[in-house]
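K.L.:
For the record, the sequence lines run as chains E and A.
Sequential numbering from 0 applies to the first sequence in numbering that gives the first Met the number 0.
Sequential numbering from 0 applies to the second sequence in numbering that gives the first Met the number 0.
The beta carbon of each residue, even a glycine, is placed where N, CA and C say it ideally should be.
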Amino acid sequence: MSAGTLRATRRTFLKGTGSAVLTVLTIGFQWGGSTRRAAARSLSPKTATEPRFAPNAFLRIGADDSVTVIAKHLEMGQGAYTGIATIVAEELDADWTTVRVQSAPADVKLYANSVLGNLQGTGGSSAMANSWMQLREAGATARAMLLAAAAKQWRVPVQELTVDNGVVYDAAKKRRATFGSLVKTAALPVPNTVELKDPKNYKLIGHRVARVDVPAKCDGTAQFTLDVDMPGMLVALLKRPPLFGATVKAFDATAAAAVPGVVKVVQVPRGIAVIAEGFWAAKRGRDALNVEWDDSQAEKRSSADLMSEYRRLADRPALSARKEGDAAAAIRAASRTLSAGFEFPYLAHAPMEPLDAVVKLTPSSCEIWAGDQFQTVDQANAAHAAGLDAQQVSIHTLYAGGSFGRRANPGSDYIVEAVSIAKACGADGAPIKLQWTREDDVMGGLYRPMYFHKLEAGLDAQGALTAWRHVIVGQSIVAGTPFAAALVKGGIDSTSVEGAANIAYTIPNIDVELSTTQVGIPVLWWRVVGSSHTTFAVESFLDEVAHAAGKDPFTYRRDLLEHHPRMRGVLELAAEKAGWADGPLPQGRGRGIAVAEAFKTFVAQVAEVTVDPSGGFRVDRVVCAVDCGTPINPDVIAAQMEGGIGFGLGAALYGAITVKDGRVQQSNFNSYRVLRMNEMPKVEVHIVPSAEAPTGVGEPGVAPLGPAVANALFAATGKRHCVFPLVKGSA
Amino acid sequence: MPTTFLLNEKTTTLDAESDMPLLWAIRERALLTGTKFGCGIAMCGACTVHLDGQPVRSCVTTLASVAGRKVTTIEGLQSAAGKAVQAAWIELQVPQCGYCQSGQIMSAAALLENRPAPSDAEIDSAMSGNICRCATYSRIRAAIHRASQSARGDA
């Protein structure tokens with residue numbers, strides 16, 4: 000008997016699917032019979048006529064042996080579809096070659112993300128963490144029901160049967176039945192308890208399973224929102240105000256309306272929309288639009304002036320996010336003190352697919368196609384914009400061409416724009432695709448906030464760290480949104496201080512404070528959220544402290560992590576694999592280390608740089624160690640670390656949105672530089688073996704990269720970088 | 000204005016404004032949607048197609064300028080090098096979000112047509128115009144080397 004876990008199935012996820020055989024699906028829109036492994040769209044819904052086994056909201060088994068896993072999470076590149084399918088297929092003992100993934104409809108009762116609360120959405124690197132037990136149970140429940148069906152059919156005790164690769168076997172009588180052949184008889188009661196596999200029997204989890212979405216992404220057939228086409232569909236481009244907070248005073252649509260292909264010009268709350276037969280006509284129409292803006296309420300300050308103000312604020316009293324001991328007194332009493340200030344710019348997400356959404360609006364329904372990351376929020380905001388109830392809004396979630404947080408925003412900006420345009424066009428049921436351009440994206444706000452960090456440390460005569468003061472100044476991401484109730488406590492936005500207030504280092508006196516600023520530039524979480532700047536500041540400054548103490552930056556960190564074995568574990572693994580013990584690199588080269596915990600995943604990285612006499616440098620190599628609990632798919636984990644490193648490096652080197660008199664100074668990839676092929680370092684990823692519950696990998700790999708590089712530059716040059724991005728002239 | 004050209008080996012006539020970028024003509028008129036829009040100013044490479052065998056950015060190539068010429072998109076990629084690139088992309092599990100990968104594959108296929116065994120420096124030179132925000136660059140480089148080996152028969 001295996002040592003598998005016996006678990007009570009939670010009725011919550013089985014509700015509404017009482018009958019196990021469905022001929023009509025219980026969900027709002029029906030899955031087409033696509034042959035694609037992972038079809039993230041269903042534009043031609045057709046009624047399911049074949050009997051299908053639907054034991055719960057996450058799984059359908061067809062008479063043709065097909066296993067369709069229903070993904071409540073957005074696939075935006077992070078591998079969620081593959082991870083979700085892997086978990087279900089493992090417990091089901093499915094034949095992996097028959098497994099397909101389709102996106103779930105918007106239905107919070109069935110598809111809430113338990114990490115985010117009563118909300119269907121993808122974020123915080125939570126897809127695997129919140130799916131883990133739910134989908135193991137879903138797969139195991141279905142397996143038990145199929146076994147029971149076979150036992151009943153063959154009139155043998157269920158204990159005599161086994162399952163392998165999508166087939167139920169009766170070894171004694173040499174009988175076999177495929178899952179598909181059991182679909183009609185598997186209409187048995189849902190069992191109250193199911194047994195989960197012993198991890199030592201895993202065939203998919205922990206193995207290099209090929210991604211379900213890769214083939215379609217190599218031949219141009221993967222369907223993104225950009226690719227949605229329907230009879231009568233029109234394309235809309237929206238002219239938004241050049242200053243954040245400005246509104247339309249007046250507009251003249253004569254020239255725009257005269258552009259061939261332009262169908263309509265309408266005013267909506269966010270600006271003036273040009274609706275045309277295709278993108279190019281809409282673009283030319285928008286270019287021809289004359290709009291007079293009311294700038295009276297607009298944000299007109301410059302980012303440079305704001306940063307000067309932030310520096311002043313860092314010396315004023317702020318709210319406490321963590322207080323242990325008396326850091327101020329300990330600094331006064333210290334043998335040696337250090338201080339530093341770090342400047343972090345606004346950053347755009349700039350996913351490769353500019354924001355887009357297709358909306359089909361009638362007086363009683365709103366149908367949305369998008370790379371939707373926040374179904375429950377988008378459903379509510381779309382309903383509000385359309386004047387409908389949330390239940391009247393359906394969402395088809397397609398593949399997203401990247402997001403990095405941008406598509407999950409509390410105001411659902413791009414969705415609401417598309418709905419408001421469809422409404423202004425008369426809610427006549429004609430599908431409208433709102434397309435953002437790259438300029439719209441780079442200049443359109445919802446940036447990672449700009450921050451100033453001030454750090455102070457006190458050391459005793461032996462170089463031990465006795466006091467740590469950290470003041471963070473910047474805008475709140477969630478204040479004023481529905482997320483504030485959960486994420487802002489006592490005036491502290493947890494997303495502003497994560498990675499700083501919870502530093503793992505053992506220091507007797509710690510004081511972390513936050514000064515939240517009010518600026519009219521809209522901001523949003525950006526890949527790894529708070530740790531995108533807090534880890535940068537903490538790990539850069541700790542490096543400086545170690546050097547000041549005359550200690551090795553790796554051993555200094557290690558000795559401060561005595562109570563955090565997993566953090567220490569990745570630190571030691573990265574150092575070992577990077578050859579840290581071999582000593583410093585030769586003249587002109589440098590090695591830097593940094594470690595972070597983000598979304599309960601632990602990552603350490605060692606970066607190696609080569610500097611040239613002219614002041615330029617390149618990052619040659621990054622060695623990464625990650626502990627994300629049970630590794631569900633080692634290759635996807637490695638890919639997310641590689642990608643996080645490249646994404647983080649682009650931002651560290653060049654990333655900056657700057658504002659002059661309220662105007663964004665970047666507009667496209669020529670002025671908002673990102674990492675390119677020739678700048679990608681060699682990356683090595685090492686995964687810590689673990690039996691802990693899995694945690695996420697989409698974001699955490701970004702956190703330590705910036706400080707690891709900055710620390711490597713310090714090792715090579717003796718110069719500490721405190722103003723980012725690293726390459727001057729980028730901003 | 001109608002423009003006639005060879006699109007994926009088929010003689011094709013598309014009627015559109017003469018200044019319409021090839022990108023939008025092939026996406027919205029020829030309904031070939033594998034070629035993506037990323038920047039509109041030839042800075043990202045998501046729209047890369049082959050024009051007479053050479054990689055071009057279709058977002059800044061007008062439809063009128065391809066009259067009488069040969070255009071190949073990801074849907075029509077049939078060359079041995081192209082097939083080797085696609086196979087290597089799958090083998091090494093290159094894509095993440097996948098949005099830029101049609102352009103990456105078209106740039107890589109053109110590179111291997113011209114340089115069957117490219118060096119890392121040649122890969123940098125040919126591929127640095129193609130942005131991948133998921134930063135799949137390490138795997139792209141490895142997959143180009145892999146495709147080069149298999150296309151030359153020493154896999």
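Looking at the secondary structure, which residues open and close the alpha helix (DSSP H) in which E:Ala465 lies?
P.N.:
Reading off the sequence, residue 465 of chain E comes out as Thr, not Ala. No alpha helix (DSSP H) contains E:Thr465, which is instead part of the beta strand (DSSP E) from 464-474.
K.L.:
Counting only the same chain and skipping the five closest in sequence on each side, list residues whose C-beta sits under 8 Å from that of A:Glu121.
P.N.:
Once the five neighbours on either side are set aside, the close Cβ partners of A:Glu121 are Leu110, Arg114.
K.L.:
Measure the alpha-carbon distance for A:Ala150 versus A:Ala87 and round it to whole angstroms.
P.N.:
Cα-Cα distance, rounded: 10 Å.
K.L.:
Kindly indicate which three-state DSSP category E:Asn200 falls into: helix, strand or coil?
P.N.:
Helix at E:Asn200.
K.L.:
Which partner residues does E:Glu512 have in the DSSP bridge list?
P.N.:
Answer by DSSP bridge pairing, in chain order: E:Ser319, E:Val470.
K.L.:
Are the stretch 116-129 of chain E and the stretch 676-696 of chain E in contact at 8 Å, needing three or more beta carbon pairs?
P.N.:
Touching, per the Cβ criterion.
K.L.:
Helix or strand or just coil, what does DSSP make of A:Leu76?
P.N.:
Three-state result, A:Leu76: coil.
K.L.:
Which residues does DSSP pair with E:Gln434 in a beta bridge?
P.N.:
Per DSSP, E:Asp355.
K.L.:
With 16 as the cutoff for other CB atoms within 10 Å, does A:Glu8 come out buried or exposed?
P.N.:
By the 10 Å Cβ count, A:Glu8 comes out exposed.
K.L.:
Which residue marks the beginning of the alpha helix (DSSP H) containing E:Thr694, and which one marks its end?
P.N.:
Looking at the DSSP string, E:Thr694 is not in any alpha helix (DSSP H), and its letter there is neither H nor E.
K.L.:
Please classify E:Thr253: is it buried, with 16 or more other beta-carbons within 10 angstroms of its beta-carbon, or exposed?
P.N.:
Classification for E:Thr253: exposed.
K.L.:
For the beta strand (DSSP E) containing E:His395, list its first residue and its last residue.
P.N.:
Note, E:His395: beta strand (DSSP E), 392-396.
K.L.:
Hey, does A:Met19 have any beta-carbon neighbour from chain E nearer than 7 Å?
P.N.:
At least one chain E Cβ lies under 7 Å of A:Met19.
K.L.:
Rounded to the nearest angstrom, what separates E:Gly82 and E:Gly123 at their Cα positions?
P.N.:
Going from the Cα of E:Gly82 to the Cα of E:Gly123 covers about 16 Å.
K.L.:
Quick check: A:Ala80 and A:Glu112, are their CB atoms within less than 7 Å of each other?
P.N.:
Contact: yes.
K.L.:
Contact between the stretch 600-610 of chain E and the stretch 698-711 of chain E is defined here as three or more beta-carbon pairs at a separation below 8 Å; is this criterion met?
P.N.:
Cβ pair count under 8 Å is three or more, so yes.
K.L.:
Are the stretch 346-354 of chain E and the stretch 201-208 of chain E touching, with three or more C-beta to C-beta distances below 8 Å?
P.N.:
Touching, no.
K.L.:
Report yes if the C-beta distance between E:Gln474 and E:Thr516 is below 7 Å; otherwise report no.
P.N.:
Yes, the Cβ-Cβ distance between E:Gln474 and E:Thr516 is below 7 Å.
K.L.:
Candidates E:Ser670, E:Gly519, E:Val100: which alpha carbon is nearest E:Val213's?
P.N.:
Considering only alpha carbons, the answer is E:Val100.
K.L.:
Run through the DSSP bridge pairs and tell me what E:Gly270 is partnered with.
P.N.:
E:Val267, per the DSSP bridge assignment.
K.L.:
Restricting to Cα atoms, I'd like to know which of E:Leu195, E:Leu237, E:Arg269, E:Asp325 is closest to E:Lys282.
P.N.:
Taking only the C-alpha atoms, the option nearest E:Lys282 is E:Leu237.
K.L.:
Which runs of the beta strand (DSSP E) spanning at least 3 residues fall entirely within the stretch 234-313 of chain E, listed in chain order?
P.N.:
You should have 246-251, 261-267, 270-275, 289-293.
K.L.:
Measuring straight from C-alpha to C-alpha, what distance separates E:Gly244 and E:Gly444?
P.N.:
When rounded, the distance between both Cα atoms is 11 Å.
K.L.:
I want to see whether chain E comes within less than 7 Å of A:Asp123, judged by CB atoms only; does it?
P.N.:
Cβ-Cβ to chain E under 7 Å: yes for A:Asp123.
K.L.:
Among the candidates E:Asp106, E:Ala333, E:Ala347, E:Gly587, whose CA atom is the shortest distance from the CA of E:Gln461?
P.N.:
Of E:Asp106, E:Ala333, E:Ala347, E:Gly587, the residue nearest in Cα terms is E:Ala333.
K.L.:
To the nearest angstrom, report how far apart E:Tyr671 and E:Ala347 are at their CA atoms.
P.N.:
Distance between the alpha carbons of E:Tyr671 and E:Ala347 is about 8 Å.
K.L.:
Just to confirm, is the Cβ distance from E:Val569 to E:Val708 under 7 Å?
P.N.:
The answer is no: Cβ separation not under 7 Å.
K.L.:
How about E:Phe540: is its C-beta nearer than 7 Å to some C-beta of chain A?
P.N.:
Not one chain A Cβ lies under 7 Å of E:Phe540.
K.L.:
When the Cα atoms are used, what is the spatial distance from E:Ile271 to E:Ala327?
P.N.:
Those two C-alpha atoms are separated by around 54 Å.
K.L.:
Give me the Cα-Cα distance between E:Val155 and E:Thr161, rounded to the nearest whole angstrom.
P.N.:
Straight-line Cα distance between these residues: approximately 12 Å.
K.L.:
Got a sec: is the Cβ-Cβ distance from E:Gly654 to anything in chain A below 7 Å?
P.N.:
So, not an interface residue.
K.L.:
Does the beta carbon of E:Pro350 sit closer than 7 Å to a beta carbon anywhere in chain A?
P.N.:
So yes, E:Pro350 belongs to the interface.
K.L.:
Residues of chain A with CB under 7 Å from E:Cys217, in chain order?
P.N.:
Residues of chain A passing the Cβ test: Gln85, Trp88, Ile89, Pro94, Gln100, Ile104.
K.L.:
From which residue to which residue does the beta strand (DSSP E) around E:Trp368 run?
P.N.:
Run containing E:Trp368: 364-369, per the beta strand (DSSP E) assignment.
K.L.:
So E:Gln604 is in the beta strand (DSSP E); what residue range does that whole segment cover?
P.N.:
Element bounds for E:Gln604: 600-610.
K.L.:
Between the stretch 213-226 of chain E and the stretch 406-420 of chain E, can you find at least three pairs of beta-carbon atoms closer than 8 Å?
P.N.:
They do not touch, by the three-pair rule.
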